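Some notes on the structure that comes next.
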Amino acid sequence: MQLQAIAIYTAQTLGFAAISEGLAVVEVQGYARLIYSSRNGNLCASLSLGPVDAVPRPIVEANAPGADLALQQNSAGQRLFAFSAFSDGLRAAPIAANGVPGAMSLVSTSLGTLTGVTAMEIFEFGSTDIAVVAQRGNAGLRVFTLNEGGALVQVARIMDGTKAYLADISDLASVTIGTDHFLLVLSGLENGVTSFKVDANGSVQFIDSLGNRDGLAITGPAALQMVEIGGQQFAVIASTTSDSLSVVRVNPLGCLFQTDHLIDSRETRIADVAALDLFQANGRSFVVAAGSDNGLSLFELLPGGKIEHLASFALETGAGIGNVTSIEAVVLGNKVAILMVDASGSGIYHYEVPLATLGSLIIGQGGTVAGTALDDRLLGSNAAETLQGGAGDDFLHDGGGADVLFGGAGADVFVLSRDGQQDRIADFTDGADKIDLSDWGMIYSAAALSIQSTATGARISFGGEVLIIDTANGTALNATNLTDADFLF
Numbered sequence: 188m189q190l191q192a193i194a195i196y197t198a199q200t201l202g203f204a205a206i207s208e209g210l211a212v213v214e215v216q217g218y219a220r221l222i223y224s225s226r227n228g229n230l231c232a233s234l235s236l237g238p239v240d241a242v243p244r245p246i247v248e249a250n251a252p253g254a255d256l257a258l259q260q261n262s263a264g265q266r267l268f269a270f271s272a273f274s275d276g277l278r279a280a281p282i283a284a285n286g287v288p289g290a291m292s293l294v295s296t297s298l299g300t301l302t303g304v305t306a307m308e309i310f311e312f313g314s315t316d317i318a319v320v321a322q323r324g325n326a327g328l329r330v331f332t333l334n335e336g337g338a339l340v341q342v343a344r345i346m347d348g349t350k351a352y353l354a355d356i357s358d359l360a361s362v363t364i365g366t367d368h369f370l371l372v373l374s375g376l377e378n379g380v381t382s383f384k385v386d387a388n389g390s391v392q393f394i395d396s397l398g399n400r401d402g403l404a405i406t407g408p409a410a411l412q413m414v415e416i417g418g419q420q421f422a423v424i425a426s427t428t429s430d431s432l433s434v435v436r437v438n439p440l441g442c443l444f445q446t447d448h449l450i451d452s453r454e455t456r457i458a459d460v461a462a463l464d465l466f467q468a469n470g471r472s473f474v475v476a477a478g479s480d481n482g483l484s485l486f487e488l489l490p491g492g493k494i495e496h497l498a499s500f501a502l503e504t505g506a507g508i509g510n511v512t513s514i515e516a517v518v519l520g521n522k523v524a525i526l527m528v529d530a531s532g533s534g535i536y537h538y539e540v541p542l543a544t545l546g547s548l549i550i551g552q553g554g555t556v557a558g559t560a561l562d563d564r565l566l567g568s569n570a571a572e573t574l575q576g577g578a579g580d581d582f583l584h585d586g587g588g589a590d591v592l593f594g595g596a597g598a599d600v601f602v603l604s605r606d607g608q609q610d611r612i613a614d615f616t617d618g619a620d621k622i623d624l625s626d627w628g629m630i631y632s633a634a635a636l637s638i639q640s641t642a643t644g645a646r647i648s649f650g651g652e653v654l655i656i657d658t659a660n661g662t663a664l665n666a667t668n669l670t671d672a673d674f675l676f
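FYI, the numbering for the sequence shown is 188 to 676, going by the working numbering.
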């Protein structure tokens, strides 16, 4: 995948002194429009990103600490809420049928002007919605009814407690599973995530929490996004101080289970990660994340909640983009647009990644698992299988059996699981293909591997794992040929 720089929309050109960290995309009349607001939350505007593809997609909200946007769907259309922890109050504006926001005004609430808002999540229940709000300096949450006219009336107050993590709330997210609505709350101070069940009358019931004491190794969690994969719901958490992305499954009861955890490495660019967004294309789910190390990273979320690094891209340095504080990604036909704001608020950075060669996610069920001519990801099962990538730059995961992997043409990645079975790569091309042994254990260099040359390749072993490599041209390999550049650890 290649990252293409499209444009920089400076705050001055957009008519603002500084751009806030909140971005949102709405899709109207077949076109995507990016909505943004001024840092003080008093102004908002939008710009066109171009036509979307034929697949209907829901409104997506950006998530970042400090300032953000929330969207309400009502009978008259959509309403935008803009807030900042340092602005004079929560403001709202109607969004016209063409996706252009109207004039902003302070929101009427039963508490008067609502200041210091750091996060807001809206649950749509019909003529009266429920809005959950977090405020700077106030541990806990406020729960409001939200009517068609945009007025907020407080109906509940959720306080911090021994089980819940509600101090210094950095982000909120919602998910509907069946007929139940759940709220996820991220605490930047207590380093944990909490789930609640939310009903149409505004009642909020504590369900579960997950934090350091439960093995969730995060510090400074800043952003949270939800995604459905294979009928299961997952939360992806970006944590600034721990330089990490964590994946948490939310079951139908709202209970939380960590499924994967990834920290910044020499291959990724998520140091001080404070922003992320998700997009789905061709049946596959992706995460875009960035922080302070002059770049962004692209990951794929797999069934079961495993996160895999795909690519990392360097961005402009010097007078270019600084610490990324907000990301919004939207699929536009055969490309994904990635919009970013940095800590300076000096502008919006527009990048794109072409998706024309993106292949399918193909899950094995035994026998032969065949890919396409595009860039596929093949997932082996626990059975002994033959995986055939075909043309394209493919990822082939061997699964749990004794498997044979054919990458085919293209630069392929063979991902080997720690299964205690002898697996075989049948057509390895040195210098083009790579072997991912990250699941084998704590390997940091090819020097830790036992590499024995064979007539047509090599035999690699580590612990109880054995991999036979046959080269595409039938030549032998040895420890001199197979270096760190050939592996992912």
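For glycine and all other residues, C-beta sits at the position ideal for the given N, C-alpha and C.
In this text the structure is predicted, and so the values were computed from the model without any measurement.
Span separating the alpha-carbon of residue i from that of residue j
i	j	result
Glu248	Ile612	Only weak support exists for where Glu248 lies, its pLDDT of 41 falling under 50; the value from the coordinates is given anyway. Those two C-alpha atoms are separated by around 42 Å.
Ser426	Met346	23 Å
Asp275	Ser632	54 Å
Ser533	Val591	52 Å
Thr670	Asp623	13 Å
Thr305	Asp255	7 Å
Gly217	Pro238	6 Å
Gly253	Asp614	Summary for Gly253: the model assigns pLDDT 40, below 50, so the residue's position carries little reliability; its value from the coordinates is reported in the next sentence. Roughly 51 Å separates the two Cα atoms.
Glu652	Thr573	18 Å
Gly470	Leu548	7 Å
Ile638	Leu440	48 Å
Pro281	Asn229	14 Å
Thr406	Thr455	18 Å
Pro245	Gly594	With a pLDDT of only 39 at Pro245, under 50, the local geometry of the prediction cannot be trusted, and the value read off the model is given with reservation. Those two C-alpha atoms are separated by around 36 Å.
Leu234	Arg220	5 Å
Val294	Leu301	8 Å
Leu488	Ser472	5 Å
Ala645	Gly577	23 Å
Pro288	Leu277	16 Å
Tyr223	Val213	11 Å
Leu654	Ala560	26 Å
Identified DSSP bridge partners for residue i
i	result
Asn325	Gln322
Ile317	Phe310 and Thr332
Thr352	Looking at the sequence itself, residue 352 is Tyr, so the reference to Thr does not match. DSSP output for Tyr352 lists no bridge partner at all.
Gly372	The displayed chain sequence assigns Val, not Gly, to residue 372. Leu359 and Thr381, per the DSSP bridge assignment.
Tyr536	Ile195 and Met527
Cys231	Ser224
Thr658	Phe615
Arg564	Leu548 and Phe582
Asn261	Gly264
Phe270	Asp255
Pro439	Beta-bridge pairing links Pro439 to no other residue.
Pro281	Arg266
Ser472	Gln467 and Leu488
Leu574	Val556 and Leu592
Thr444	As written in the sequence, residue 444 is Phe, which differs from the Thr given in the question. Arg436, per the DSSP bridge assignment.
Contacting residues, own chain, Cβ-Cβ under 6 Å from residue i (five flanking each side not counted)
i	result
Ile450	Asp430 and Ser431
Gly313	none
Asn227	Ser274
His368	Phe310 and Val385
Ser531	Gly509
Thr315	Thr332 and Asn334
Ala666	Ile638
Cβ-Cβ distance between residue i and residue j below 8 Å
i	j	result
Met413	Ala360	yes
Val385	Leu371	no
Glu539	Gln191	yes
Ala663	Ser640	yes
Phe268	Ala279	yes
Tyr352	Ser382	no
Glu208	Gln260	no
Leu502	Leu485	no
Val523	Val517	yes
Glu377	Ser262	no
Pro490	Ile416	yes
Leu236	Leu519	yes
Gly579	Gly597	yes
Ala543	Asn521	yes
Ala461	Ala410	yes
Asp563	Asp581	yes
Gly337	Gly303	no
Own chain partners of residue i with C-beta closer than 8 Å, once the 5 adjacent residues on each side are dropped
i	result
Phe331	Thr296, Ser297, Ile317, Ala318, Val319, Val320, Leu339, Val340, Gln341, Val342 and Gly389
Gly587	Gly567, Ser568, Asn569, Ala570, Ser604, Asp606 and Gln608
Val391	Val319, Leu328, Val330, Ala343, Ile345, Leu370, Phe383, Lys384 and Val385
Residues of its chain near residue i, where Cβ-Cβ distance is below 7 Å and the 5 sequence neighbours each way are ignored
i	result
Gly492	Phe421, Val434, Arg436, Thr446 and Asp447
Phe674	Lys621, Ile622, Leu624 and Ala633
Gln419	Arg436
Val528	Ile206, Glu208, Leu210, Thr512, Ser513 and Ile535
Beta strand (DSSP E) runs wholly inside the stretch 583-648, at least 3 long, in chain order: 591-593, 600-602, 609-615, 621-623 and 637-641
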